[in-house]
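> Below is the structure I would like to discuss, written out as structure tokens.
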């Protein structure tokens, strides 16, 4: 699985691509362990993920719980498609906020002002 990490203000962003399945979770386990120790919020960008399975969902929930225990948040960027549909069906989107774009995320966090 392709992934890229970068920092947006004090938020660590992980951008994922392709399939977020058991094989990808296995490859990304060390990265998710490091992210769970991050002393700030994490944003997982799933816009370029076209398939997620229970292993991918489990990895997100793992990261969410670890960050929550440290007083930090996990939020998701998730456009239309199978990942969003599954997150919605499982009601994960009610616990882990899902945004349609980074711009919407930034507006919700007050990182940028809304313009008309």
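Residue numbers (this note's numbering): 1 to 116. Glycine included, C-beta positions come from ideal geometry on N, C-alpha and C.
1) Using only CA atoms, which one of 28, 38, 24 and 21 lies nearest to residue 7?
2) So which of 64, 18, 46 and 48 has the shortest CA-CA distance to residue 34?
3) Considering only their Cβ atoms, is the gap separating residue 77 from residue 47 smaller than 8 Å?
4) Nearest CA to the CA of residue 17: which residue from 103, 44, 67 and 100?
5) For the candidate residues 50, 57 and 73, whose alpha-carbon lies nearest to that of residue 10?
6) Looking at the structure shown, is residue 14 part of a helix, part of a strand, or coil, going by DSSP?
7) Let me confirm a value: residue 58 is counted as buried when at least 16 other C-beta atoms fall within 10 Å, else exposed. Which label applies?
8) How far does the beta strand (DSSP E) with residue 49 in it extend, from its first residue to its last?
9) Closest to residue 13 by CA distance: which of 110, 92 and 75 is it?
10) At which residue ranges does the stretch 70-96 contain complete beta strand (DSSP E) runs of 3 or more residues, listed in the order of the chain?
11) Which residue wins for smallest C-alpha separation from residue 5, given the options 32, 21, 106 and 80?
Well, looking at it:
1) Among 28, 38, 24 and 21, the Cα nearest to that of residue 7 belongs to 38.
2) 64
3) yes
4) Of 103, 44, 67 and 100, the residue nearest in Cα terms is 44.
5) 73
6) strand
7) exposed
8) 42-52
9) 75
10) 74-77
11) The candidate whose alpha carbon is nearest that of residue 5 is 32.
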